[in-house]
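Note sheet for the following structure.
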Amino acid sequence: MVREDGKRNFALRTSNGDEESVFSGNTPRQAALKAARRLEAGSSEDAAERVELRLREKGTDKVHIYDGWAWEETAPDDKPDWMPGEITEANVAKQGIEHLDE
Numbered sequence: 001m002v003r004e005d006g007k008r009n010f011a012l013r014t015s016n017g018d019e020e021s022v023f024s025g026n027t028p029r030q031a032a033l034k035a036a037r038r039l040e041a042g043s044s045e046d047a048a049e050r051v052e053l054r055l056r057e058k059g060t061d062k063v064h065i066y067d068g069w070a071w072e073e074t075a076p077d078d079k080p081d082w083m084p085g086e087i088t089e090a091n092v093a094k095q096g097i098e099h100l101d102e
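Every letter in the sequence shown is one number past the one before it in UniProt numbering, and letter 92, counting from 1, is 92.
And the structure:
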């Protein structure tokens, strides 16, 4: 279901099918990146643990599957005053789409 502002809502599913968090974005990847930033951050991108993220698009039976990972990085030199010195970066790789049988 698309909201008036064009964004869609995606529910993060656990391995047992519970939906604990909802992320919004124009695309499933945008929502997956938001979810990935909440993962336990590694010391570098190569050292970060890959975690499967399953996002169900609200109002549909589609489940978008991504591998996500997060890592800590030094903030850029031209960062705003409110930004901390260490920031969390994230990336995702799409694995596919499944359709729920429910």
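All C-beta atoms in this analysis are idealised placements derived from N, C-alpha and C, irrespective of residue type, glycine included.
Out of curiosity, what's the CA-to-CA distance linking residue i and residue j?
i           : j          : result
residue 79  : residue 95 : 33 Å
residue 125 : residue 81 : The question about residue 125 has no answer here: the residues shown for the chain are numbered 1 through 102.
residue 161 : residue 28 : Since the first residue shown for the chain is 1 and the last is 102, residue 161 is missing from the structure and cannot be characterised.
residue 17  : residue 60 : 15 Å
residue 21  : residue 91 : 19 Å
residue 83  : residue 15 : 34 Å
Would the beta-carbon of residue i fall within 9 Å of that of residue j?
i           : j           : result
residue 73  : residue 87  : yes
residue 62  : residue 100 : yes
residue 38  : residue 70  : yes
residue 52  : residue 65  : yes
residue 126 : residue 68  : No answer is possible for residue 126: it lies beyond the span of the chain, which begins at 1 and ends at 102.
Taking the alpha-carbon of residue i as reference, which of the options has the nearest alpha-carbon?
i          : options    : result
residue 9  : 18, 17, 32 : 32
residue 47 : 89, 1, 4   : 89
residue 2  : 93, 19, 25 : 25
residue 30 : 7, 19, 83  : 7
Can you list, in chain order, the residues of its chain with a C-beta nearer than 6 Å to that of residue i? Leave out the 5 residues immediately preceding and following it.
i          : result
residue 56 : 11, 13, 63
residue 85 : 75
Can you find the residues in the same chain that come closer than 7 Å, C-beta to C-beta, to residue i, ignoring five residues on each side of it along the sequence?
i          : result
residue 44 : 71
To test your reading of the DSSP string, which unbroken alpha helix (DSSP H) runs of 4 or more residues are found completely within the region 18-58? 28-36
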